[in-house]
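For the sequence shown, the numbering used here begins at -8 and goes up steadily by one.
Cβ coordinates follow ideal geometry from the N, Cα and C atoms, glycine included.
Reading through the structure tokens given below for one structure.
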Amino acid sequence: MAKYVPDIGSRRWVIISPGRQMRPNQARKPRATDTPVVPICPFCVGNEHMTPPEVYRIGAGEKDKPGWQVRVVPNKYPITDTHEVIIHSADDTKDIEDLPIEQVTRILTAYRDRYRAHDNDGQVLIFCNHGFAAGASLKHPHAQLVVVPRQINLDAVSREPVANVVEENNFFITYCPDFSQWPFEVWIAPKIADGKFSSVADSQLSDLAVVLQDALQRVREAQNKGYLHSVHEPGVFVYNFYIYHGENWFIRITPRFVHRAGFELGTGLNVNVVDPTEASKILQEMVI
């Protein structure tokens, strides 16, 4: 069971979840004395028996057998009492920025469907850690879904006004809000600001797939062009994104180009070294 502890002087909470330290971590560097071991990926096709029984899949085949295109299983090392892993595809190297757009649409369909499945259970947060420095412990691309009790205050920013537009299509708009805490931070929001992520219609998911993939590709190309260099994994595209848990939902993409250090931790303030207006212009110019 997760343990929730409030701060006496504020509305912030911390989750105590000791079981998380037991999860496998491919980011750990072996010691020189260790015997080399080729890690077995529990998310790859053929290793379905290594995960808890699946709760959802897109694709053919029997439950917990090959044939899936997107697969969802309970997390063996949960943060909260409800914690799922959404395995993006059978490919253990390509993620949203490189997969066929049809597969990205399947991924977003799984996100939306699992959000709907838990919408009455509490506050649903879907997030993706891409790269070990972004918090991923396994290389195989995946996202996660957690449910947090409604009485717990989530210290998350609400949807920011549209400014510094990068791209838009029929249903969605991509922009770098003036309140950007990270260099080249990008938000994607529905043009009609209403409802939770669970309200996204099937007819809108393909449009969302396009702008999400485009945004990630544009930020990666900005990194490749040398506008910023990752201080975490040089030459590797490292980022997080999450889908806002409440009304007026949006997707927030935060590339991990910089460290958060003592000033940020001590003050709660963030220093952004790239003006969002300039970031949006650079991203508009990226050829993808």
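(1) Give the straight-line distance between the Cα atoms of Arg19 and Pro(-3), rounded to the nearest whole angstrom.
(2) Could you check what DSSP says for Ser8 in three-state terms: helix, strand or coil?
(3) DSSP state of Thr73, grouped into three classes?
(4) Ends of the beta strand (DSSP E) at Phe118?
(5) State the DSSP-derived secondary structure class of Glu159, mapped to helix, strand or coil.
(6) Would you mind working out which of Gly0, Ala(-7), Val138, Ala134 sits nearest Tyr233, comparing C-alpha positions?
(7) Taking the continuous beta strand (DSSP E) assigned at Lys(-6), which residues delimit it?
(8) Answer with buried or exposed for Pro181, where buried requires no fewer than 16 other C-beta atoms within 10 angstroms of its C-beta.
(9) State buried or exposed for Pro69, treating a residue as buried only when at least 16 other CB atoms are found within 10 Å of its CB.
(10) Among Cys35, Asn38, Thr245, which one has its Cα closest to the Cα of Phe170?
(11) Sort out for me which residues DSSP pairs His133 with in a bridge.
(12) Between the region 154 to 169 and the region 257 to 270, are three or more C-beta pairs nearer than 8 angstroms?
(13) What first and last residue would you give for the beta strand (DSSP E) that runs through Arg364?
(14) With respect to the alpha helix (DSSP H) encompassing Ile92, which residues constitute its N-terminal and C-terminal limits?
(15) Could you round the C-beta distance between Phe175 and Val249 to whole angstroms and report it? I think they count as a contact, below 8 angstroms.
(16) Assuming Val46 contacts Val61 (C-beta within less than 8 angstroms), just tell me the rounded distance between them.
(17) Please work out which residues of its chain come closer than 8 angstroms, Cβ to Cβ, to Asp205, disregarding the five sequence neighbours upstream and downstream, and give them in chain order.
(18) DSSP on Ala127, reduced to helix/strand/coil?
(19) Ignore the nearest five residues each way along the sequence and tell me which others in Asp198's own chain have a CB closer than 8 angstroms to its CB.
(20) What are the residues that DSSP puts in a beta bridge with Tyr47?
(21) Around the Cβ of Phe254, are there at least 16 other Cβ atoms within 10 angstroms (buried) or fewer (exposed)?
(22) Can you give me the start and stop residues for the beta strand (DSSP E) that Val249 sits inside?
(23) Is it a yes or a no for the region 199 to 218 touching the region 94 to 101, going by three-plus beta-carbon pairs under 8 angstroms?
Quick answer:
(1) One-based indexing of the sequence shown puts residue 19 at position 28. One-based indexing of the sequence shown puts residue -3 at position 6. Its pLDDT being 49, under 50, Arg19 is placed unreliably by the model, and the measurement read from it follows with that caveat. Using only the alpha carbons, I get a separation of about 31 angstroms.
(2) Taking the first residue of the sequence shown as position 1, residue 8 is located at position 17. Three-state result, Ser8: coil.
(3) For this step, residue 73 is matched to residue 82 along the sequence shown. Correct three-state label for Thr73: strand.
(4) Within the sequence shown, residue 118 is the residue found at index 127, counting from 1. Secondary structure note for Phe118: its beta strand (DSSP E) is the uninterrupted segment 114 to 121.
(5) Position 168 of the sequence shown, counting from 1, holds the residue named residue 159. Residue state, collapsed to three classes: strand.
(6) Counting from 1 along the sequence shown, the entry for residue 233 is found at position 242. It is Ala134.
(7) In the sequence shown, counting from the first residue as 1, residue -6 sits at position 3. Segment -6 to -3, the beta strand (DSSP E) holding Lys(-6).
(8) Taking the first residue of the sequence shown as position 1, residue 181 is located at position 190. Buried, because 16 or more other Cβ atoms sit within 10 Å of the Cβ of Pro181.
(9) Here residue 69 refers to the residue found at position 78 when the sequence shown is read from its first residue. When all chains shown are included, Pro69 counts as buried.
(10) For the purposes of this step, residue 170 is taken as residue 179 along the sequence shown, with counting starting at 1. Ranking Cys35, Asn38, Thr245 by Cα distance to Phe170 puts Thr245 first.
(11) As a working mapping, residue 133 is identified with position 142 in the sequence shown. The partner list for His133 (beta bridge, DSSP) reads Ile78.
(12) yes
(13) The structure shown does not extend to residue 364, since the chain spans only -8 to 279, so no value can be given for it.
(14) For the purposes of this step, residue 92 is identified with residue 101 of the sequence shown, where counting begins at 1. First-last of the alpha helix (DSSP H) with Ile92: 92 to 109.
(15) Residue mapping note: residue 175 aligns to position 184 of the sequence shown, counting from 1. Residue mapping note: residue 249 aligns to position 258 of the sequence shown, counting from 1. With 8 angstroms as the limit, Phe175 and Val249 do not qualify as a contact, their Cβ atoms being about 10 angstroms apart.
(16) Taking the first residue of the sequence shown as position 1, residue 46 is located at position 55. Taking the first residue of the sequence shown as position 1, residue 61 is located at position 70. With 8 angstroms as the limit, Val46 and Val61 do not qualify as a contact, their Cβ atoms being about 12 angstroms apart.
(17) As a first step, residue 205 must be located in the sequence shown, where it is residue number 214. Glu158, Thr165, Ile279.
(18) As a working note, residue 127 is residue 136 in the sequence shown. Coil at Ala127, not helix or strand.
(19) In the sequence shown, residue 198 corresponds to position 207, counting from 1. If we look at Asp198 and ignore the five residues flanking it on each side, its Cβ neighbours are Asn160, Asn161, Phe162, Phe163.
(20) For this step, residue 47 is matched to residue 56 along the sequence shown. Note: Tyr47 sits in a beta bridge opposite Val63.
(21) Taking the first residue of the sequence shown as 1, we reach residue 254 at position 263. Answer is exposed; the Cβ neighbour count stays below 16.
(22) Position 258 of the sequence shown, counting from 1, holds the residue named residue 249. Where Val249 is concerned, there is no enclosing beta strand (DSSP E), given that its DSSP letter is neither H nor E.
(23) yes
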